[in-house]
Amino acid sequence: MPSDNVIYVSSVVATYWFVSISMVYLNKILMSNDGISINAPLFVTWYQCIITALICHVAGIVGQRQRRIDAATTEYTRVAPMEEVSPSQPPQASDKKPSFFAQFPKAEYAAGVATRVFPLSIVFVGMITFNNLCLKWVQVSFYNVARSLTIVFNVFFTRVLLGANTSVKTTACLGVVIIGFFLGSHGELDFSMKGTIAGVCSSLFVSLNSIFTKKILPVVDDNHWRLTYYNNVNASFLFIPLILYFEADIIQESMNKQLSSAAFWSAMTIAGFFGFSIGIVTVLQIKATSPLSHNISGTAKAAVQSMMAFYIWGNQATFLGVLGIFTVLGGSLLYTLVKMNENAAAAASEAPPPPQIEGRDAEAGGTPSIQTARV
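Just remember that the working numbering sits 142 ahead of the position in the sequence shown, which is counted from 1.
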């Protein structure tokens, strides 16, 4: 019989795989299936930001209530009846773990804080917009390859902005990823130049998002959930002029078609829920396993996601296409291993590790923040 811990870890990993793969596949339907959705990726992305902000708001209310309950019930353990308690026995602090919902702060939108978060929100909008445009224009099987250059941009910005040196091993790993990117691109039969460019832009914005997130986090008391709320509320405002300029006519034409369909709004809402949930299951998987195990799980998930796409979406597989997928994922995992070993060696020598930008895609085998986990 497997132990309770094995069952728990397995269930967390399985949930991570299910949510992550389902989110990608559902977003692909919403971005490219005209029978179910509409040709308005900005509108679809805007609605998902609205859903995420609403969930953050509800989670904050539940979290505030749960923290009050936890404070009242976990300050001290129940003591035995007076006749069974030794006069010298002090009350014992409770070792009860905080509730899951206690991690969510109350969702408050302060204009001053929102203004300081605004530069990050602009980058955030670019990140999720280009990610969804990439998913709209490329085959699902090629999706991971098109967005594989995030770690390349990370190292570039680390070098340019932070002045950190790059080791030979790290450079070799980046070379593997770049080779995989070109192999996969060359082997893609239904190659989309604009989709690939959108994927590269998505990778660029993921890296920039990591830089801005580190700078802005202190503004929200280093709380990623509070930052998620501000980002999605700000993004909801930022998308409106873009939607009115680029997609107003499309939305008007769909008023009596998809926009009046319960199936469309159900799929949109579920996709928004998955966009919020991926941040939760990512954190749960890291806590239940380890950062390295999470990286391995993310890499394996991305491989399965791409292989399943050949069957589910009818994408035609080629030798170079499949080789590109596994080369990209292998190079990304090697990069993670090299960086962890370098940081461990620096810690052992009591020297601080070189500064680096850590934003990486989960599909690329990296350890994403809550902000980047959804892309």
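Backbone N, C-alpha and C define an ideal beta-carbon position, used for all residues, glycine too.
Note that the structure is a prediction, hence the values are computed from the model and not measured.
Closest in alpha carbon position to residue 321, among 487, 177, 161 and 463, is 463.
Around the beta carbon of residue 302, fewer than 16 other beta carbons lie within 10 angstroms, which makes this residue exposed. By the Cβ test, the segment 262 to 279 is not in contact with the segment 443 to 463, since fewer than three Cβ pairs between them sit closer than 8 angstroms. If you look at residue 280, you'll find it isn't in any alpha helix (DSSP H); DSSP assigns it neither H nor E. For residue 186, the enclosing alpha helix (DSSP H) has its first and last residue at 183 to 215. For residue 308, the closest of 477, 490, 383 and 400 by C-alpha to C-alpha distance is 477. Secondary structure note for residue 346: its alpha helix (DSSP H) is the uninterrupted segment 335 to 358. Contact check for residue 375 against residue 369 fails: the beta carbons are separated by 8 angstroms or more. Judged by DSSP in its simplified three-state form, residue 289 adopts coil rather than helix or strand. The segment 185 to 202 and the segment 373 to 389 touch, with three or more beta-carbon pairs separated by less than 8 angstroms.
Cβ-Cβ distances below 7 angstroms link residue 472 to 318 in the same chain, with the five nearest sequence neighbours on each side left out; the list follows chain order. Contact check for residue 430 against residue 154 passes: the beta carbons are separated by less than 8 angstroms. Taking residue 348 as reference, the option from 316, 247 and 270 with the minimal CA-CA separation is 270. Residue 215 counts as exposed, since fewer than 16 other beta carbons sit within 10 angstroms of its beta carbon.
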